[in-house]
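Chemist: Have a look at this one before I ask anything.
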Ligand SMILES: [Zn+2]
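Structural data, given as structure tokens:
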């Protein structure tokens, strides 16, 4: 069940649609350079490492680490909760790709820096928002 | 040293729900600045502002160059408003470049806001709600997860600093309490007459860990005007000119709230580095600092960016008393945006000039010949070094 009855949603463009829709298939897609394999986020279609214009959206492991986080305590608009965890997760594949996300599946007080997390998706209209939960939530003994 | 100087400053009254037309506040500030410089409207031949007329966020910028030129009857040779650039400092830097290259002699630079009286329970200033529709651009990466307020984005820096450096709320609280004390000597400050203790600070309502209400600046109604003149024209003005010794608008790392490799620093580092690269002055030459405090955590980051202390040391630097009015680097002597009100950086430059002209009264620093001014937070940053002979 969503903690967010009314998430503000992103407008989709050719560059951003893969990221926001691939969750339907359980995939986290990040734009990657065809040539040097550098991950480009937010996607721009141009590789800042090797100047290639050839990119694709690559499924990644969905694993990452909490770079930083904050517990929000204020309701900013109707339909949003007061208390939730905002975080920047760096993906396991590349340290400098940070995804703004919520940490779910645990008490807000249990979130720590550099904590291993794994993606899970929440559907909102036609989009699938990548959220992250502590890796331990996915252990077989904890599986729902 | 640029061939540009500050010759006059003006400010309207500042307050919450003043319920006055924005142009009236702007006119008050403009006429005060003109009188300060010993100039008339006919002397003004340049006009700049940030970000220009802007209707997306209530009261954030009701006036652009067009409205002000028409209302004040100005005849300009140069004008500019820009939302992209070194943050709130861009109109001041553009003015300095305009007078240095002969495009104008006296530029009126302004910032005017009615964020207090324009916001309602459903339309808060500086909260990106997306107006109910789907949002594009860089907001679109933050809003879906409820990172709606700049306080959330700033909090993520503060948290990382607490984790890496052991920075505490008590340390940053020293600065917040000091600024409130400074504001008691600033009759225009929105919290003049409302002192604050460390106990008040530590018990304030949390907004986004570790930032509470008292770590967030105050939306107000108000206007501020700075007049920037060509160095030769400045000599004819009423007061001794304040030279713009250097300025920096570097953005050499990621242009983002969330993608910088080191989340304990923001674009202020890039801006300050580029400023120092153009001058022989050193951080040790600076007597007073005026640094952006939309959120309290920006203050230690600006202090480190300018090199007043090392990376990770600013909270301890503050707690040592160094930034107090009687410390070795009095900082945000007018109360800053936390206690005087949010003039989007213009208040900081105004206060630096007050100090350099020795007009601070009860909040005057003992020595004030050279001032460092930093504006902006997150990916926005502009740095300026001011010097009075
Ligand atoms: Zn490449």
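Protein chains in written order, with the numbering used here: chain A, 4 to 147; chain B, 28 to 416. For every residue, glycine included, the Cβ atom is placed at its ideal position computed from N, Cα and C. Predicted, not measured: the structure shown is a model, and the values here were computed from it.
1) Please work out which residues of its chain come closer than 8 Å, Cβ to Cβ, to residue 79 of chain B, disregarding the five sequence neighbours upstream and downstream, and give them in chain order.
2) Give me, in chain order, the residues of the same chain whose beta-carbon lies closer than 7 Å to that of residue 83 of chain A; leave out the 5 immediate sequence neighbours on both sides.
3) What's the call for residue 62 of chain B, buried or exposed, on a 16-neighbour Cβ count within 10 Å?
4) Determine the closest residue to residue 194 of chain A out of A:20, A:62, A:54, with distance taken between C-alpha atoms.
5) Does DSSP classify residue 144 of chain A as helix, strand or coil?
6) Check whether the stretch 229–239 of chain B and the stretch 355–367 of chain B are in contact - that is, three or more C-beta pairs closer than 8 Å.
7) By Cβ distance below 6 Å, which residues in the same chain neighbour residue 205 of chain B in space, the five residues on each side in sequence not counted?
8) Counting only runs of 3+ residues fully inside the stretch 222–266 of chain B, write out the beta strand (DSSP E) ranges in chain order.
9) Cβ of residue 368 of chain B within 9 Å of Cβ of residue 387 of chain B?
10) Using 9 Å as the threshold, is the C-beta distance between residue 42 of chain A and residue 173 of chain B below it?
11) Can you give the beta carbon distance from residue 399 of chain B to residue 313 of chain B, rounded, assuming they're within the 8 Å contact cut?
12) Quick one: is residue 70 of chain A near chain B, going by C-beta distance under 9 Å?
13) Measuring CB to CB, does residue 290 of chain B end up less than 9 Å from residue 73 of chain A?
14) Could you work out which residues of chain B lie near residue 12 of chain A, taking near to mean beta carbons separated by less than 7 Å?
15) Where does residue 135 of chain B sit, in a helix, a strand or coil, going by DSSP?
16) Just checking, does the stretch 279–298 of chain B make contact with the stretch 375–390 of chain B on the three C-beta pairs under 8 Å criterion?
17) For residue 193 of chain B, is the classification buried or exposed, using 16 other Cβ atoms within 10 angstroms of its Cβ as the cut-off for buried?
18) Would a check of beta-carbon distances place residue 101 of chain A closer than 9 Å to chain B?
19) Is residue 61 of chain A close to ligand 1? I mean its beta-carbon at under 8 Å from any heavy atom of the ligand.
20) At a Cβ threshold of 9 Å, is residue 74 of chain A touching chain B?
21) Taking the beta carbon of residue 230 of chain B as the centre, do at least 16 other beta carbons fall within 10 Å, making it buried, or is it exposed?
22) Quick one, which residues of the stretch 187–201 of chain B are near chain C if we go by CB-CB under 7 Å, in chain order?
23) For residue 288 of chain B, return the contacting residues in chain A, with the cut-off set at a CB-CB distance below 9 Å.
Modeler: Considering the structure as presented:
1) Counting from one through the second chain, the residue named residue 79 of chain B turns up at place 52. Around residue 79 of chain B: 88, 91, 92, 108, 109, 110.
2) One-based indexing of the first chain puts residue 83 of chain A at position 80. Contacts found: 7, 9.
3) Taking the second chain and counting its residues from 1, one reaches residue 62 of chain B at position 35. Flag for residue 62 of chain B reads exposed.
4) The requested residue 194 of chain A is not part of the displayed model; chain A covers only 4 to 147.
5) On the first chain, residue 144 of chain A is found 141 positions in, with the first residue counted as 1. Three-state DSSP puts residue 144 of chain A in a helix.
6) Result no; under three Cβ-Cβ pairs closer than 8 Å.
7) Here residue 205 of chain B refers to the residue found at position 178 when the second chain is read from its first residue. Take residue 205 of chain B, set aside five residues on each side of it, and the residues of its chain with a beta-carbon closer than 6 Å to its own are 351, in chain order.
8) 233–235, 248–257
9) The count along the second chain starts at 1 and reaches residue 368 of chain B at position 341. The count along the second chain starts at 1 and reaches residue 387 of chain B at position 360. Not closer than 9 Å, so no.
10) The residue labelled residue 42 of chain A in the question sits at position 39 within the first chain. The residue labelled residue 173 of chain B in the question sits at position 146 within the second chain. Cβ atoms of residue 42 of chain A and residue 173 of chain B: not closer than 9 Å.
11) Counting from one through the second chain, the residue named residue 399 of chain B turns up at place 372. Counting from one through the second chain, the residue named residue 313 of chain B turns up at place 286. That belief holds up - the Cβ atoms of residue 399 of chain B and residue 313 of chain B are roughly 5 Å apart, short of 8 Å.
12) As a first step, residue 70 of chain A must be located in the first chain, where it is residue number 67. Closer than 9 Å: yes.
13) On the second chain, position 263 is the one that residue 290 of chain B refers to. On the first chain, position 70 is the one that residue 73 of chain A refers to. Not in contact: residue 290 of chain B and residue 73 of chain A (Cβ atoms no closer than 9 Å).
14) Position 9 of the first chain holds residue 12 of chain A. Correct list: 161, 171.
15) Your numbering for residue 135 of chain B matches position 108 in the second chain. Strand at residue 135 of chain B.
16) no
17) Within the second chain, residue 193 of chain B is the residue found at index 166, counting from 1. Result: exposed.
18) Along the first chain, read from residue 1 onward, the residue named residue 101 of chain A stands at position 98. Chain B contact via Cβ: present.
19) Numbered from its first residue, the first chain carries residue 61 of chain A at position 58. No, the Cβ of residue 61 of chain A stays beyond 8 Å of every heavy atom of ligand 1.
20) For this step, residue 74 of chain A is matched to residue 71 along the first chain. Yes, contact with chain B.
21) As a position in the second chain, residue 230 of chain B is number 203, starting the count at 1. Residue 230 of chain B should be labelled exposed.
22) The displayed structure is made up of protein chains A and B, and chain C is not among them.
23) Numbered from 1 along the second chain, position 261 holds the residue referred to as residue 288 of chain B. Within 9 Å Cβ-Cβ: 98, 99.
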